[in-house]
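Chemist:
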Amino acid sequence: MSAPVLPTTDPAPSPAARRDAAEPARRPRGQRGGRRRRTVLTYVLLGILGAFFLFPLVFMFVSSLKPDAQILQDLSSWRAFLPIGDVSLGNYDKIFDRVPVWRFLANSVIVTVVTVVAGLFVNSLAGFALSRLTWRGRGLVLGFVLATLVVPFETIAVPMVYWVSKLPTLGLENGVLVYDFGWLNSYKVQIVPFVANAFSIFLFTQYFSTIPRSIDEAARIDGASWFTIYRRIAMPLSGPAIATVAILSFLAAWNQYLWPLMVVQQEQLRPVMVGMQYFFQLNTAWGEVMAYTSLITIPVLLVFLVFQRQFIASVAASGVKG
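Position one of the sequence shown corresponds to residue 0 (numbering that gives the first Met the number 0), numbered consecutively onward.
Right under this line is the structure:
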């Protein structure tokens, strides 16, 4: 008679074995050190690259606080990037005495804000129609919009000046409605031609296409109109696209130079970029030039700092989706 076979049981794992099983596999010490060194080197290189791009801005802001003699004296040393020595806001006071800076800034703010707000509404509506609605000729219209991206503005600037000079306009004189022609020397000639933008339409079209269509179907079953879907569903989900279009539209409108120079001859309607050219003709000092350029740069930096997170998120999402 053979002896009964007893069931075998595995010995209980030791605490060290349980800890090793619970923790992910660790890299060897040599690999961890190499990875850490590469990370440090990457951050050092990025810091040097960032400082390289910041140097012109720092030099501009610091030089705007110094007189010309000290700017030229500090030019060949690291003192050019530090606000030390004879530092004051005198250059800013002088530029306000020379040119109507507040008038130029107000004109640029009016033109830029209206262009950005109207452009967000018009371009997002066009993108919504091209991406969410089904209608004949949609692909052809989108192709035509994309084709306009390759046409340089300089090639159509002169014909545009002719057409805007022939457009009808209405006005009031002594309470009487007056009918006239020509949009020259006005705010609308600086705003209306740049509200619709091909790249903004394309960006909204691509972003709206990523929203599931089942949301539209559910909203339509509940009785929502297409404009309600656009206003209450598509736009709230498109924060990064809105921020990107807002920043790019702001930069384009704020930096307009050629078009206002061609269509606006009255000083009280000119933006800051045209005012800068007018300012340079006054044979001003370098410190005053730096003060003027610093003033017109600050709004651009503020807008980017406010929207930078959404802008980076939009660029990152576009890169992931290819």
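Ideal placement from N, C-alpha and C gives every residue a C-beta, glycine not left out.
Would you mind sorting Glu287 into buried or exposed? The rule is 16 or more other CB atoms within 10 Å of its CB.
Modeler: Residue mapping note: residue 287 aligns to position 288 of the sequence shown, counting from 1. Its Cβ being crowded by 16 or more others within 10 Å, Glu287 is buried.
Chemist: Can you tell which of Val244, Ser164 and Tyr186 has the C-alpha that lies nearest to the C-alpha of Pro270?
Modeler: Looking up residue 270 in the sequence shown gives position 271. The residue with the shortest Cα to Cα distance from Pro270 is Tyr186.
Chemist: For the region 296-303 and the region 120-135, state whether three or more C-beta atom pairs, one from each stretch, are separated by less than 8 Å.
Modeler: They do not touch, by the three-pair rule.
Chemist: Out of Arg212, Ala128, Leu56 and Val191, state which residue places its alpha-carbon closest to the alpha-carbon of Ala79.
Modeler: Taking the first residue of the sequence shown as position 1, residue 79 is located at position 80. Of Arg212, Ala128, Leu56 and Val191, the residue nearest in Cα terms is Leu56.
Chemist: Count the other CB atoms within 10 Å of the CB of Tyr42; is the residue buried (16 or more) or exposed (fewer)?
Modeler: In the sequence shown, the residue the question calls residue 42 occupies position 43. Flag for Tyr42 reads exposed.
Chemist: On the DSSP letters alone, give me the boundaries of the alpha helix (DSSP H) that Glu216 sits inside.
Modeler: Within the sequence shown, the letter at position 217 stands for residue 216. Residues Arg212 to Ile220.
Chemist: Taking the DSSP output, what are the residues bridged to Phe249?
Modeler: Start at 1 with the first residue of the sequence shown, and residue 249 comes out as number 250. DSSP output for Phe249 lists no bridge partner at all.
Chemist: Where Ala128 and Tyr206 are concerned, what is the direct C-alpha to C-alpha distance, given to the nearest angstrom?
Modeler: By 1-based counting over the sequence shown, the position of residue 128 is 129. By 1-based counting over the sequence shown, the position of residue 206 is 207. Taking C-alpha positions only, Ala128 is separated from Tyr206 by approximately 12 Å.
Chemist: Got a sec? Which residues, its chain only, sit under 7 Å from Val328 by beta carbon, not counting five neighbours each side?
Modeler: The shown model of the chain, from 0 to 321, leaves out residue 328, and the question about it has no answer.
Chemist: Check the C-beta distance from Ile214 over to Ile232 and give it rounded, since I have them as a contact under 8 Å.
Modeler: For this step, residue 214 is matched to residue 215 along the sequence shown. For this step, residue 232 is matched to residue 233 along the sequence shown. With a Cβ gap of about 6 Å, Ile214 and Ile232 count as contacting.
Chemist: Might you give, ordered along the chain, the residues of its own chain that have their beta carbon closer than 6 Å to the beta carbon of Gly170, omitting 5 neighbours on each side?
Modeler: Taking the first residue of the sequence shown as position 1, residue 170 is located at position 171. Within the same chain, and ignoring the five residues on either side of Gly170 in sequence, the residues whose Cβ sits closer than 6 Å to its Cβ are Val177.
Chemist: Comparing C-alpha positions only, which one of Ala284, Val160 and Ser62 sits nearest to Arg97?
Modeler: For this step, residue 97 is matched to residue 98 along the sequence shown. Comparing Cα-Cα distances from Arg97 to each of Ala284, Val160 and Ser62, the minimum goes to Ala284.
Chemist: Taking just the CA atoms, how far does Glu266 sit from Ala223?
Modeler: Numbered from its first residue, the sequence shown carries residue 223 at position 224. Numbered from its first residue, the sequence shown carries residue 266 at position 267. Looking at the two C-alpha atoms, the distance is approximately 49 Å.
Chemist: Let me make sure I understand the geometry here. Which of Val144, Met159, Trp253 and Ser130 has the alpha-carbon closest to that of Arg212?
Modeler: Start at 1 with the first residue of the sequence shown, and residue 212 comes out as number 213. The candidate whose alpha carbon is nearest that of Arg212 is Ser130.
Chemist: How should Asn196 be labelled, buried or exposed, when 16 other C-beta atoms within 10 angstroms of its C-beta is the threshold for buried?
Modeler: For the purposes of this step, residue 196 is identified with residue 197 of the sequence shown, where counting begins at 1. With 16 or more other Cβ atoms within 10 Å, it is buried.
Chemist: Within a Cβ cutoff of 7 Å, which residues of the same chain sit near Gly238, ignoring the five residues on either side of it in sequence?
Modeler: Looking up residue 238 in the sequence shown gives position 239. Gln309, listed in sequence order.
Chemist: So what's Asp67 in DSSP terms, helix, strand or just coil?
Modeler: On the sequence shown, position 68 is the one that residue 67 refers to. Looking at Asp67 - three-state DSSP - the assignment turns out to be helix.
Chemist: Which residues bound the alpha helix (DSSP H) around Tyr161?
Modeler: The count along the sequence shown starts at 1 and reaches residue 161 at position 162. Counting along the chain, the alpha helix (DSSP H) containing Tyr161 begins and ends at Phe152 to Val163.
Chemist: Give me the Cα-Cα distance between Ala146 and Leu132, rounded to the nearest whole angstrom.
Modeler: Translated into positions along the sequence shown, residue 146 becomes position 147. Translated into positions along the sequence shown, residue 132 becomes position 133. Answer to the nearest angstrom: the Cα atoms are 21 Å apart.
Chemist: With DSSP collapsed to three states, give me the class of Gly170.
Modeler: By one-based count along the sequence shown, residue 170 stands at place 171. In this structure, Gly170 counts as strand in the three-state DSSP scheme.
Chemist: Looking at C-beta atoms only, is the number of pairs between the region 270-281 and the region 101-108 that lie closer than 8 Å three or more?
Modeler: yes
Chemist: How would you write the range of the beta strand (DSSP E) that Tyr178 sits in, first residue to last?
Modeler: The sequence position of residue 178 within the sequence shown is 179, counting from 1. Looking at the DSSP string, the run of the beta strand (DSSP E) that includes Tyr178 is Val175 to Phe180.
Chemist: Rounded to the nearest angstrom, how far is the Cβ of Ser82 from that of Val61, given a contact under 8 Å?
Modeler: The count along the sequence shown starts at 1 and reaches residue 82 at position 83. The count along the sequence shown starts at 1 and reaches residue 61 at position 62. Note on identity: in this sequence residue 82 is Pro, with Ser being the wrong assignment. So it is a contact: roughly 5 Å between Cβ atoms.
Chemist: Nearest-angstrom Cα distance between Val108 and Glu172?
Modeler: The sequence position of residue 108 within the sequence shown is 109, counting from 1. The sequence position of residue 172 within the sequence shown is 173, counting from 1. Going from the Cα of Val108 to the Cα of Glu172 covers about 27 Å.
Chemist: Give the straight-line distance between the Cα atoms of Gly46 and Phe52, rounded to the nearest whole angstrom.
Modeler: Numbered from 1 along the sequence shown, position 47 holds the residue referred to as residue 46. Numbered from 1 along the sequence shown, position 53 holds the residue referred to as residue 52. Distance between the alpha carbons of Gly46 and Phe52 is about 10 Å.
Chemist: Mark Gln255 as exposed unless 16 or more other C-beta atoms lie within 10 angstroms of its C-beta, in which case mark it buried.
Modeler: Sequence index remark: in the sequence shown, residue 255 carries index 256 (1-based). Gln255 is buried by the Cβ-count criterion.
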